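Notes follow the structure.
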Amino acid sequence: MSPTAAGRPDAARTFSESRPSMRITRPLPSSANDPVSPDTDRSVTVREPECGPGNALVSGERTVRVRSMSSSATPPFPEHVELTGEGLVLRDWTEDDLAAMPELFDHPDIAYWTPIVSPFDEAAARARLDRARQLRADGTAVLLAITLDGGAPLGEVMLRRAPEGTELGYAVGPAHRGQGLAGRAVRVMAAYAFEELDADRVILELEPENAASVAVATATGFRLLGVPLIEGEEKGRPYALQTWALDRA
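Here our numbering = 1-based position in the sequence shown + 3.
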């Protein structure tokens, strides 16, 4: 039996750069230009979304601060990313987080709804940190720790470049649910995609049975697209993903 909405899974099935056994494949670009200049620290004022399906970023303001440093003039992504907004600081994972990651990710909800490996121990944490850095260097994805003040990680939010749109994903640790962290992190990451990466659309790919993540999608202004389901099998069970989209205003 799948975890229920009452358990507040707060996890979206978008944390794998590839999905084996999928009937629909979505190749990733091998590289992309980084629109953020290296060695910069700047603020971007963006519009905050209203709650409800299909709303673009239309009301309120917040500041998203992007700090980037790189040894290359045109890296695929900034070497370092820190985003602030919605009362959160989204920052890079570091070695100091390895001991905390199993408590966040070694949970039945996350094992069921996401491709994150299970069981998730410190060896898995080390492998995930290494993979996150490789995906960043390849220009494929950015994985950031969700924090309140830049300190202890409470979960993860991801941005992945894909041909059909810039894909977002998230997972919130069981002890930190019920605070709206997933929705807040999605808003900040969407603003980064629109204002810094010049994305026209961000998407979430969700199982319709994952009621908590569907609620996050609707509350942050995403709308369900009338496109074919993405079907596949992972961890010994089939899945079918809906595609939700938020367009730049």
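For each residue, glycine too, the CB sits at the ideal point set by N, CA and C. Values in this document were obtained by computation on a predicted structure and should not be read as measured data.
Residue j and residue i - do their beta-carbons sit closer together than 9 Å?
i    : j    : result
P140 : L101 : Note on residue identity: the sequence assigns Ala, not Pro, to residue 140. Cβ distance not < 9 Å, so A140 and L101 don't count as in contact.
G172 : L207 : yes
V92  : L184 : no
G176 : L232 : no
A14  : T97  : no
L157 : A148 : yes
A114 : P122 : yes
A196 : A188 : no
Q245 : P211 : yes
Let me check one thing: in DSSP terms, what residues is residue i bridge-paired to?
i    : result
Y242 : G235
V205 : T169 and L249
V92  : T87 and T150
A306 : This structure gives no information on residue 306, because the portion of the chain shown stretches from 4 to 252.
Between residue i and residue j, which are expected to be in contact by the criterion C-beta below 8 Å, what is the C-beta distance as a whole number of angstroms?
i    : j    : result
S216 : L227 : With a Cβ gap of about 12 Å, S216 and L227 do not count as contacting.
R204 : D133 : Contact flag wrong, Cβ pair sits at about 30 Å.
D109 : D124 : 7 Å
R94  : E82  : Not a contact, Cβ separation roughly 13 Å.
G168 : A248 : 6 Å
A155 : A103 : 7 Å
- the region 130-144 / the region 158-168 touching (three or more Cβ pairs under 8 Å): yes
- Message: Contact between the region 228-239 and the region 175-193 is defined here as three or more beta-carbon pairs at a separation below 8 Å; is this criterion met?
- Response: no
- Every unbroken beta strand (DSSP E) inside the region 94-178 [3 residues or more]: 144-150, 158-165 and 168-175
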